[in-house]
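Enquirer: Below are the structure tokens for one structure; questions will follow.
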Amino acid sequence: MIDMTHYTPEEIAEQIKQLIEQLQRAGRKDLLLRAIGAPLLEELRIEAARTKLSRLLITKDYRFILMDYNQKEVELQPVHKAVYLLFLAHPEGIEFKRLGDYREELTRYYMATAKLMDKEKIMEGVDHLVNPLDNAINEKCSRIKKVFLNMMDEYVANYYIISGHTQKHIQGASHVWYERLKVITLPRELVVYENS
7 MIDMTHYTPE EIAEQIKQLI EQLQRAGRKD LLLRAIGAPL LEELRIEAAR TKLSRLLITK
67 DYRFILMDYN QKEVELQPVH KAVYLLFLAH PEGIEFKRLG DYREELTRYY MATAKLMDKE
127 KIMEGVDHLV NPLDNAINEK CSRIKKVFLN MMDEYVANYY IISGHTQKHI QGASHVWYER
187 LKVITLPREL VVYENS
């Protein structure tokens, strides 16, 4: 192993670049991936996208504005905004099958984004969204995804959409289960809420 303690970060980066090029020429991207590791690879992906990501402004009247994309508005219906706000508020993610646990919060968001809508209609919409046998939540997430894909490339849009993230849990020797969380991966420091 080479002792690099007396090298500057720039010199170390140059050494790493040369080693990467050698592995690529040898056709050994598998070793490169193993050396970097998946968690660091995800961090690097976020860092690479950061320059393309825009701050998302949520205005007092619940308009969604991409501040660094010429103040472009993300045009969504109130129900889509309510779903989006719910997932923004939970960076840890939510399983669709557990949306019923978030009924009150989702109702508050929907009532805030649909001030002119009849309360019964809102409650009916929320019932559809939290019903695990109803496809409404998938439809709303697909619509949100489509709107963002129409505004930016797929790589960047992946940070703004509600997407799947599976977590494996192990309890004891024989109990393994998976959480199929849905998350918005946009770094929360890029979400700006206009003061009330």
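All you need for my numbering is the position in the sequence shown, starting with 1, plus 6. Cβ coordinates follow ideal geometry from the N, Cα and C atoms, glycine included.
Count Cβ pairs between the stretch 79 to 97 and the stretch 107 to 122 that sit closer than 8 Å; are there 3 or more?
Expert: Taking 8 Å as the limit for Cβ pairs, the verdict is that the stretch 107 to 122 does touch the stretch 79 to 97.
Enquirer: What does DSSP give as the partner residue(s) for Leu187 in the beta ladder?
Expert: As a position in the sequence shown, residue 187 is number 181, starting the count at 1. Its beta-bridge partners are Glu101 and His171.
Enquirer: Is Ile6 buried or exposed, if buried means 16 or more other CB atoms sit within 10 Å of its CB?
Expert: Residue numbering for the chain in the displayed model covers 7 to 202; residue 6 lies beyond these limits and cannot be assessed.
Enquirer: What does DSSP give as the partner residue(s) for Glu79 in the beta ladder?
Expert: Here residue 79 is taken as the residue at index 73 of the sequence shown, counted from 1. Paired residues: Ile71.
Enquirer: What residue range is occupied by the uninterrupted beta strand (DSSP E) comprising Tyr199?
Expert: On the sequence shown, residue 199 is found 193 positions in, with the first residue counted as 1. Residues Val197 to Tyr199.
Enquirer: Any contact between the stretch 137 to 144 and the stretch 102 to 111? By contact I mean 3 or more CB pairs, one from each, below 8 Å.
Expert: Short answer: they touch.
Enquirer: For the 8 Å Cβ check, are there 3 or more pairs between the stretch 187 to 199 and the stretch 153 to 166?
Expert: As far as the Cβ criterion goes, the stretch 187 to 199 touches the stretch 153 to 166, which means the pair count is three or higher.
Enquirer: Would you mind reading off the limits of the alpha helix (DSSP H) that contains Leu135?
Expert: To locate residue 135, count along the sequence shown from 1; it is residue 129. That run of the alpha helix (DSSP H) goes Lys125 to Val136.
Enquirer: How many whole angstroms separate the CB atoms of Leu72 and Ala88, which I take to be in contact at a CB cut-off of 8 Å?
Expert: As a working mapping, residue 72 is identified with position 66 in the sequence shown. As a working mapping, residue 88 is identified with position 82 in the sequence shown. The pair is not a contact, with the Cβ atoms about 19 Å apart (cut-off 8 Å).
Enquirer: With Leu38 as the anchor, note down where its alpha helix (DSSP H) starts and where it stops.
Expert: Here residue 38 is taken as the residue at index 32 of the sequence shown, counted from 1. Lys35 to Ile42 is the span of the alpha helix (DSSP H), which, as asked, contains Leu38.
Enquirer: Excluding the 5 residues flanking Leu196 on each side, which residues of the same chain have their C-beta closer than 8 Å to its C-beta?
Expert: If you number the sequence shown from 1, residue 196 lands on position 190. Cβ within range, chain order: Leu59, Ser60, Arg61 and Leu62.
Enquirer: Spatial neighbours of Ile8 within its chain, please: C-beta separation below 8 Å, excluding the five flanking residues on both sides.
Expert: The sequence position of residue 8 within the sequence shown is 2, counting from 1. If we look at Ile8 and ignore the five residues flanking it on each side, its Cβ neighbours are Gln21.
Enquirer: When you compare the CB positions of Glu116 and Ile128, do they come within less than 8 Å of one another, or not?
Expert: Mapped onto the sequence shown, residue 116 falls at position 110. Mapped onto the sequence shown, residue 128 falls at position 122. It should be noted that the sequence gives Tyr, not Glu, for residue 116. Yes, Cβ-Cβ distance for Tyr116 and Ile128 is below 8 Å.
Enquirer: Which same chain residues end up closer than 7 Å to Leu94 when comparing Cβ atoms and leaving out the 5 residues on each side of it in sequence?
Expert: Counted from its first residue, the sequence shown places residue 94 at position 88. The answer, listed in chain order, is Ile190 and Val197.
Enquirer: Pick out whichever of Glu53, Val80 and Tyr75 has its Cα sitting closest to the Cα of Thr65.
Expert: In the sequence shown, the residue the question calls residue 65 occupies position 59. Thr65 has its Cα closest to that of Val80, out of Glu53, Val80 and Tyr75.
Enquirer: Just the C-alpha distance for Leu29 and Pro15, rounded to the nearest angstrom, thanks.
Expert: To locate residue 29, count along the sequence shown from 1; it is residue 23. To locate residue 15, count along the sequence shown from 1; it is residue 9. Whole-angstrom Cα-Cα distance: 21 Å.
Enquirer: Roughly how many angstroms separate the alpha carbons of Asp159 and Leu37, rounded to a whole number?
Expert: Here residue 159 refers to the residue found at position 153 of the sequence shown. Here residue 37 refers to the residue found at position 31 of the sequence shown. Each residue's alpha carbon lies about 30 Å from the other.
Enquirer: Short of 8 Å in beta carbon distance, which residues of its chain neighbour Ile42, apart from the five on each side in sequence? Order them along the chain.
Expert: Within the sequence shown, residue 42 is the residue found at index 36, counting from 1. If we look at Ile42 and ignore the five residues flanking it on each side, its Cβ neighbours are Leu50.
Enquirer: With Ile64 as the anchor, note down where its beta strand (DSSP E) starts and where it stops.
Expert: As a working note, residue 64 is residue 58 in the sequence shown. From DSSP, the beta strand (DSSP E) with Ile64 extends over Leu62 to Ile64.
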